[in-house]
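Report on the structure given below.
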Amino acid sequence: MSNQPASNGPLSPETLAKMNAYWRAANYLSVGQIYLKDNPLLERPLTLDDIKPRLLGHWGTTPGLNFLYVHWNRLIRERNLNMIFVIGPGHGGPGIVANTYLEGSYSEIYPHIEQDADGIKRLFRQFSWPYGIPSHVAPETPGSIHEGGELGYSLVHAYGAAFDNPGLIVACVVGDGEAETGPLASSWHSNKFLNPATDGAVLPILHLNGYKIANPTILARIPHAELEDLMRGYGYEPFTLEGDDPAVMHQQAAAVFDTMLDRIAAIQKVAREAGSTDRPAWPMLIMRTPKGWTGPKFVDGKPVEGTWRAHQVPLDGVRTNPAHLHQLEEWMHSYKAEELFDEKGKFIAELADIAPKGRQRMGMNAHANGGLLLQPLTIPHFREFALKIEGPGQTDGEATRVLGHWLHSVMQLNLDSKNFRVFGPDETASNRIDEVEVGTGKAWMAETLPVDENLSETGHVMEVLSEHMCQGWLEGYLLTGRHGFFSCYEAFIHIVDSMVNQHAKWLKTTREIPWRKPIASLNYLLTSLVWRQDHNGFSHQDPGFIDHLLNKKADVVRIYLPPDANTLLSVTDHCLRSRNYINLIVAGKQPAPQWLTIDEAVEHCTTGLGIWPWASDDNPEVVMACCGDVPTMEALAAVTLLRARIPDLRIRVVNVVDLMTLQPTSEHPHGIPDEEFDQVFPVGIPVIFAFHGYPWVIHRLTYRRHNHDNLHVRGYKEEGTTTTPFDMCVLNNIDRFQLTLDAIKRVPRLKDQVDAAEQWYSEQIQRHKLYVSENGDDLPDVKNWRWPATNI
Ligand SMILES: Cc1ncc(C[n+]2csc(CCOP(=O)(O)OP(=O)(O)O)c2C)c(N)n1
Ligand SMILES: [Mg+2]
């Protein structure tokens, strides 16, 4: 391949020379960031004083990324494209920083990194330097919506960005190691959901540099034909670019990209003008280039370029080994910086000129700073969708179905602006919010059969049995300035624990970056909850996502457990209007008693926690607290049992919707002040707390509150099976009988009644166990229990 004439391709000799020089400049600046703190243009011989004390960064992937960037620049200019990039091997940070510097975006955003030798020195020094910039593509990197530190999500982010952005092309580099991850492997299927008429295009580039950190990659070691077949099997039209001779590679890359962009244009044309609804075979590129391309070929006699040894810092002994220092100097000189930067260190104008201008520069594209484009949703008045209730506990309702009715309206009102999607791993119907599908349908570009329902090429409900893909699409969609909602079974949301970590980090960091504008919050509805897994059992029982999110920065996370339909409406309305948060809403889908009118619900959700007056006495001797729908019902049922047994017992019922209100104000912005907490949970009064999730969550949140010693929490303690709803409560000791006994045991003046209450408790549990074993259903007095109308 390398003996093909360099002139054989679409680039004129001048353009080719300029593009290669541009690439050299990017490579030079990348190496400089990894090694140098001074002498940025090598105006004097390199000495140890010029070298950073700690050598951090990843060279191996970087020259390939730089190569691609310069080609994308050409495409943007020649074809007047609106293009952003997503870099899977985000550890190639130096390359993207270098390129955004060369195109001028970097200095505009960070004016202290000027376009001269001083600016380059600062650019080098700040990289991987304490209080400088991270070594990866990061929120700090202009033009990026993707961190890439945790591998696997590039392609799914790229598709999320492309949905409903018909004018956008998202160039996406997938590392060949990254391609081995589960999320990435399923992400290729995103092409079955991308509509060429109404969505943008994704340009996937599989960066087949052959290696990961210490191993070859699978895809580099299967026959090329097999790899192409794999890509064809995923529904793509694979193109290949292979080689290591820069001049030849530039020509071939230009040719192959021209062909691929022509393909994309043709696909979009037939869909947009001729109305074709066929699923196209979108082009994708397999780019087989050496890892660490243009870097040291051998170090200490061992091959480096084209091997895994190029992954991080190829010459790691420069501080101690003069030969390494010398080799670094030679390597850097090989890029001929003196031809690329003028005497002041400014990138020479005729090279700088090949980059796009203004917002067309990828570092400046508004789609990569989604908050700039964010338009508020049109949100219908949720009060009009409220469930009418006949007093507390007198009406049953399915909270999520009520929510689905309102979400349908949200969807309809925003269909024209195409900025709202609902995501779910095949659970939208099961979670009972499927009314949202009516009138838009579920996105689907694959084959359909007459038996199918609600599948649509323009659907805005996204269903795929991959929590990773739902999460990744939604993140890409949000980060490019749109809104979304993700409903998931409670137990299986853990599949994306790690992805939500990364998104939380992104949000935390961007809050401190003034030029990154706020984006819509990531909203989760967790339903199909631990307490009501009647036909699924233990595998489907896990409320631990709450614990997981609690570890995140308080600035970023909000957790709500609305006890009924109207509180769910109020909370969700709030979440869809919020910005820069991760909102977790936990709410059941099964028919259940409803407690609050919409006015009461709004008031309750506004304070986040409160005394329910209709269930409470003045001057309480015990507080029955509850958080979550099933625990709320059990707590209230316990109140009726307590009142029947001890009519003069003064009880207060407190319900918590916003979990973070329990934390001290110093820990979370939603935390209520200690004085308020003490009013709700008076010092010295025992609190029996029925909680939806793991009980220690409540202790963790309240351990610094005055009344913490009197707080006794019941929650899920990992007991479960396929059994009746009430038996689940019994197995975990959160049932009404247990809560009743707990209250009697904790109120000092009832000391004499404890023995009898324990006896009564055993009888109730025995009665329950016998009944469920024999009848396979809950006791009628439990199942048909209602909050007494007379108490209203
Ligand atoms: C999910 C995940 N697992 C492991 C790592 C550690 N890691 C960082 S880079 C890398 C190798 C990546 O190889 P590849 O995707 O081929 O990138 P490139 O060769 O372009 O550097 C690994 C395993 C990671 N960042 N993310
Ligand atoms: Mg690789």
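Numbering follows the working numbering, in which position 15 of the sequence shown is assigned residue number 68; successive positions increment by one, without gaps.
All C-beta atoms in this analysis are idealised placements derived from N, C-alpha and C, irrespective of residue type, glycine included.
Cβ neighbours of residue i in the same chain (closer than 8 Å, five flanking residues each side left out)
i             : result
serine 65     : none
histidine 752 : His761, Leu764 and Val766
serine 55     : Its pLDDT being 38, under 50, serine 55 is placed unreliably in this model, and the value from its coordinates should be taken loosely. Result list for serine 55: Gly296, Asp297, Asp298 and Val301, in chain order.
serine 188    : Leu109, Gly110, His111, His144, Gly146, Pro147, Phe180 and Ser181
Rounded distance between the beta-carbons of residue j and residue i, thought under 8 Å
i                 : j              : result
proline 200       : valine 209     : Before going on, a small fix: residue 200 reads as glutamate here, not proline. No, glutamate 200 and valine 209 are not in contact; Cβ-Cβ is about 13 Å, not under 8 Å.
isoleucine 166    : serine 197     : Rounded, the Cβ-Cβ distance is 16 Å, inconsistent with contact.
tryptophan 568    : isoleucine 320 : In fact, because the Cβ distance is near 34 Å, the residues do not count as touching under 8 Å.
leucine 393       : alanine 170    : Actually they do not touch by this definition, with Cβ atoms about 12 Å apart.
leucine 381       : tyrosine 634   : About 45 Å; that fails the 8 Å criterion.
glycine 117       : tryptophan 346 : 6 Å
glutamate 528     : arginine 485   : With 8 Å as the limit, glutamate 528 and arginine 485 do not qualify as a contact, their Cβ atoms being about 25 Å apart.
phenylalanine 538 : valine 475     : 5 Å
Opposing strand residues paired with residue i [DSSP bridges]
i              : result
glutamine 647  : Thr448
cysteine 628   : None, per the DSSP bridge assignment.
leucine 294    : Met340
isoleucine 797 : Bridge partners of isoleucine 797: none, in fact.
serine 509     : Ala496
asparagine 708 : Gly663 and Cys679
cysteine 851   : Because the chain spans 54 through 845 in this model, residue 851 falls outside it and cannot be assessed.
arginine 611   : Asn636
methionine 515 : Phe476
arginine 767   : Ala743
valine 352     : Lys355
alanine 573    : Arg632
isoleucine 186 : Phe180
leucine 89     : Ile104
Close-in-space but distant-in-sequence residues of the same chain around residue i (CB under 7 Å, 5 per side omitted)
i              : result
serine 470     : Gln428
alanine 273    : Asp229, Leu261 and Gly263
isoleucine 442 : Thr448, Gln647 and Thr650
isoleucine 401 : Leu393, Phe394 and Asp395
Simplified DSSP state of residue i, which is helix, strand or coil
i                 : result
isoleucine 129    : helix
lysine 245        : helix
arginine 274      : helix
phenylalanine 476 : strand
glutamate 27      : Residue 27 lies beyond the range of the chain shown here (54 to 845); nothing can be said about it.
valine 357        : coil
tyrosine 81       : helix
serine 540        : strand
proline 257       : strand
asparagine 268    : coil
threonine 580     : strand
isoleucine 546    : helix
phenylalanine 216 : coil
alanine 363       : helix
leucine 832       : coil
aspartate 111     : It should be pointed out that residue 111 corresponds to histidine in this sequence rather than to aspartate. DSSP places histidine 111 in coil when its eight states are reduced to three.
tyrosine 159      : helix
phenylalanine 918 : Residue 918 lies beyond the stretch modelled for the chain, which goes from 54 to 845, so this question has no answer here.
tryptophan 335    : strand
Distance CB(residue i)-CB(residue j) smaller than 7 Å
i                 : j              : result
phenylalanine 310 : leucine 128    : yes
alanine 668       : valine 692     : yes
leucine 404       : lysine 105     : no
proline 571       : arginine 632   : yes
leucine 338       : isoleucine 258 : yes
glutamate 636     : serine 540     : The amino acid at residue 636 is misidentified as glutamate; the sequence shows asparagine. Not closer than 7 Å, so no.
leucine 440       : valine 455     : yes
lysine 245        : alanine 499    : yes
glycine 157       : threonine 114  : no
histidine 7       : glycine 370    : Outside the shown range of the chain, which is 54 to 845, sits residue 7, and nothing can be said about it.
aspartate 670     : histidine 601  : no
alanine 215       : tryptophan 125 : no
valine 489        : glycine 457    : yes
glutamate 281     : proline 291    : yes
glycine 773       : proline 596    : no
Close beta carbons around residue i, own chain, < 6 Å, minus the five adjacent residues each side
i              : result
alanine 678    : Val707, Val740 and Phe742
isoleucine 173 : Pro93 and Gly398
arginine 799   : Pro739
arginine 535   : Asn472
proline 615    : Leu621, Val624, Ala640 and Val710
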